[in-house]
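Novice: The sequence shown begins at 84 in the numbering used here and counts up by one.
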Amino acid sequence: MTASGVPEGSIPVLDHGFVRLDDAMASDLSVVNAARVSFARRKEEIEPEDEGLIGFLLRNRHGTPFEHNSFRFHVRCPIFVMREWIRHRWSSFNEFSMRYSQASGDFYVPAAEDVRQQVGKPGVYFFEAVEPELAQRARTEIETTNEAAYATYRRLIEAGVARELARTVLPVAAYTEFFWTVNARSLMNFLSLRNAETAQREIRRYAEAIESLFAERMPLTHAAFVAAGRTPP
Ligand SMILES: Cc1cc2nc3c(=O)[nH]c(=O)nc-3n(C[C@H](O)[C@H](O)[C@H](O)COP(=O)(O)OP(=O)(O)OC[C@H]3O[C@@H](n4cnc5c(N)ncnc54)[C@H](O)[C@@H]3O)c2cc1C
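Here it is, written out as C-alpha cells:
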C-alpha cells in the first residue's frame, strides 16, 4: 500500500479509486497461435508478419482468436460507476460485500472542473463546466449529503442494525471494490463504449486506465484496435 491507501502498482482514478492489473494470461502471441491452429501451426515468438495478421483479424472481425487470453483487474470505484460496468456481461465480477464488511466512508466528490451541466437535448447533448461558484456549491452539497448519510449508517450499525440494512442509506457515490476478469475481445468492446466521448466522464477515466494496461500487455492487438477506428472484433 502507498501512503494514500492505494495498492502498489495501481493507477489512481478519481478521488479515492484505482485500477490495478492483478494478473493476466495475455499476449499478442495467443492471438496469432489461436488463428494458426486452423493450419495446425504454432509459434513460440511473435514475428514481424504477425502484426499484419492481427490487423487482418481485427479489421475483418474474426473475433474468436482474441478470446484466448484473460485479464484480471482489481478496481475501486463509486457504486454508480460499477453499475455501468457490470452491464458488460461477457466478463466476471466479484464485489466487496457491504453485508459482511462495513463501508469505508469514502465517497466520490467531483473536482470543481468536473462539475458540469448538460447542454442540448437527449441524444444530442454535451457537457460544459459550470461557473466556479456553482461548482463549489455543488461540491459542498454533495459532500454534506455524503457525510450525513455515512453518519446515519454508522449510528444504525452502532445501534445494532444489520450492515445489510444499514447500507441502504448510502448514496451511489460510495466507493466499492471488485475483481473483473475479461478477455481481450470483450475488453475491446468495453473500451469502444466506455473510453469514448459518449461515455460518462467518470467511467471513462477508469476505461483510460484499463486501456493503458491492455496496451502494455497486448501492444499489437491494441494498435490494431485503434487503427480499426476502435471497432471491436
Ligand atoms: C453511452 C452509453 C449509454 C448507455 N445508456 C444505457 C441506458 O440508458 N439504459 C441501459 O439499460 N443501458 C445503457 N447502456 C448500457 C448498454 O446498453 C450495454 O448494456 C452496455 O454498454 C454493455 O454493452 P454490451 O452488451 O455490448 O456488452 P456485453 O454484455 O459484454 O456483451 C458483449 C457483446 O456480446 C453480445 N451479446 C451479449 N449478450 C447478448 C444477448 N443477450 N443477445 C445477443 N447478443 C448478446 C453482443 O454482441 C454484445 O455487444 C449504455 C451504455 C453506454 C456506453
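Every residue gets a Cβ at the ideal spot worked out from N, C-alpha and C, and that includes glycine.
Going by beta carbon distance, what residues of the same chain come within less than 6 angstroms of isoleucine 129, once the five residues before and after it are set aside?
Specialist: Here residue 129 is taken as the residue at index 46 of the sequence shown, counted from 1. In the same chain as isoleucine 129, and ignoring 5 residues on each side of it, the C-beta atoms closer than 6 angstroms to its own belong to Asp111, Leu112, in chain order.
Novice: Taking C-alpha atoms, which residue in Leu97, Val96, Val89, Asn143 lies nearest to threonine 314?
Specialist: In the sequence shown, counting from the first residue as 1, residue 314 sits at position 231. Measuring from the Cα of threonine 314, the nearest candidate turns out to be Asn143.
Novice: Where arginine 103 and tyrosine 191 are concerned, what is the direct C-alpha to C-alpha distance, given to the nearest angstrom?
Specialist: Translated into positions along the sequence shown, residue 103 becomes position 20. Translated into positions along the sequence shown, residue 191 becomes position 108. Roughly 19 angstroms between the two C-alpha positions.
Novice: Could you give the DSSP three-state label for serine 93: helix, strand or coil?
Specialist: To locate residue 93, count along the sequence shown from 1; it is residue 10. In the structure shown, serine 93 sits in coil (DSSP, three-state: anything other than H, G, I, E or B).
Novice: Report the option in Ser187, Glu91, Val120 whose CA atom is closest to the CA atom of glutamate 260.
Specialist: Within the sequence shown, residue 260 is the residue found at index 177, counting from 1. It is Ser187.
Novice: Going by alpha carbons, who is nearest to asparagine 266 out of Met301, Tyr258, Glu291, Pro254?
Specialist: Mapped onto the sequence shown, residue 266 falls at position 183. If we check each option's Cα against that of asparagine 266, Met301 comes out closest.
Novice: Please state the DSSP three-state secondary structure of serine 153.
Specialist: Here residue 153 corresponds to residue number 70 of the sequence shown, with the count starting at 1. Looking at serine 153 - three-state DSSP - the assignment turns out to be strand.
Novice: Near histidine 305, what residues of its chain come up, given a Cβ to Cβ distance below 8 angstroms and the 5 sequence neighbours on each side ignored?
Specialist: As a first step, residue 305 is located in the sequence shown; it is residue number 222 there, counting from the start. Hits under 8 angstroms: Glu294, Phe297, Ala298.
Novice: Could you tell me the distance, in whole angstroms, from the CA atom of valine 202 to the CA atom of valine 89?
Specialist: For the purposes of this step, residue 202 is taken as the residue at position 119 of the sequence shown. For the purposes of this step, residue 89 is taken as the residue at position 6 of the sequence shown. Cα-Cα distance, rounded: 35 angstroms.
Novice: Mind checking whether glutamine 185 and arginine 246 have CB atoms under 9 angstroms apart?
Specialist: Working through the sequence shown from its first residue, we reach residue 185 at position 102. Working through the sequence shown from its first residue, we reach residue 246 at position 163. Contact flag set, yes.
Novice: Using the DSSP secondary-structure output, state which residues sit across from arginine 317 in a beta bridge.
Specialist: One cannot answer for residue 317 here, as it falls past the ends of the chain, which runs 84 to 316.
Novice: Quick test of the definition: if touching needs 3 or more C-beta pairs under 8 angstroms, does the region 239-258 touch the region 150-165?
Specialist: yes
Novice: What are the boundary residues of the beta strand (DSSP E) that arginine 103 is part of?
Specialist: The residue labelled residue 103 in the question sits at position 20 within the sequence shown. Here the beta strand (DSSP E) through arginine 103 covers 100-108.
Novice: Taking the alpha carbon of histidine 151 as the point to measure from, which residue in His145, Glu241, Ala109 has its own alpha carbon closest?
Specialist: Translated into positions along the sequence shown, residue 151 becomes position 68. Out of His145, Glu241, Ala109, Ala109 has the C-alpha closest to the C-alpha of histidine 151.
Novice: Does any heavy atom of ligand 1 sit closer than 8 angstroms to the C-beta of serine 269?
Specialist: Locating residue 269 in the sequence shown gives position 186, where the first residue counts as 1. Flag set: Cβ of serine 269 near ligand 1.
Novice: Within the present structure, is the beta-carbon of alanine 296 separated from the nearest heavy atom of ligand 1 by less than 8 angstroms?
Specialist: Counting from 1 along the sequence shown, the entry for residue 296 is found at position 213. The sequence given here has leucine at residue 296, not alanine. Leucine 296: no, Cβ never under 8 angstroms from ligand 1.
Novice: Starting from glutamate 260 and walking both ways along the beta strand (DSSP E), at which residues does that stretch end?
Specialist: Reading the sequence shown from its first residue, position 177 is the one you call residue 260. Per DSSP, glutamate 260 belongs to the beta strand (DSSP E) from 258-265.
Novice: Scan the region 118-193 and note each continuous alpha helix (DSSP H) run of 4 residues or more that stays entirely inside, going in chain order.
Specialist: Runs of the alpha helix (DSSP H) inside the region 118-193: 133-142, 162-168.
Novice: Enumerate in chain order the residues of its own chain whose CB-to-CB distance from serine 174 is below 7 angstroms, with the five nearest sequence positions on each side excluded.
Specialist: Here residue 174 refers to the residue found at position 91 of the sequence shown. Scanning its chain for C-beta atoms nearer than 7 angstroms, with the 5 sequence neighbours on each side dropped, one finds around serine 174 the residues Trp263, Thr264, Val265, Ser269, in chain order.
Novice: Which residue marks the beginning of the alpha helix (DSSP H) containing arginine 288, and which one marks its end?
Specialist: Along the sequence shown, read from residue 1 onward, the residue named residue 288 stands at position 205. Per DSSP, arginine 288 belongs to the alpha helix (DSSP H) from 284-300.
Novice: Could you tell me which uninterrupted alpha helix (DSSP H) segments, each at least 4 residues in length, are contained entirely in the region 212-251, listed from first to last along the chain?
Specialist: 215-241, 246-249
Novice: Should glutamate 224 go down as buried or exposed, given a rule of 16 or more other Cβ atoms within 10 Å for buried?
Specialist: Your numbering for residue 224 matches position 141 in the sequence shown. So glutamate 224 ends up on the exposed side.
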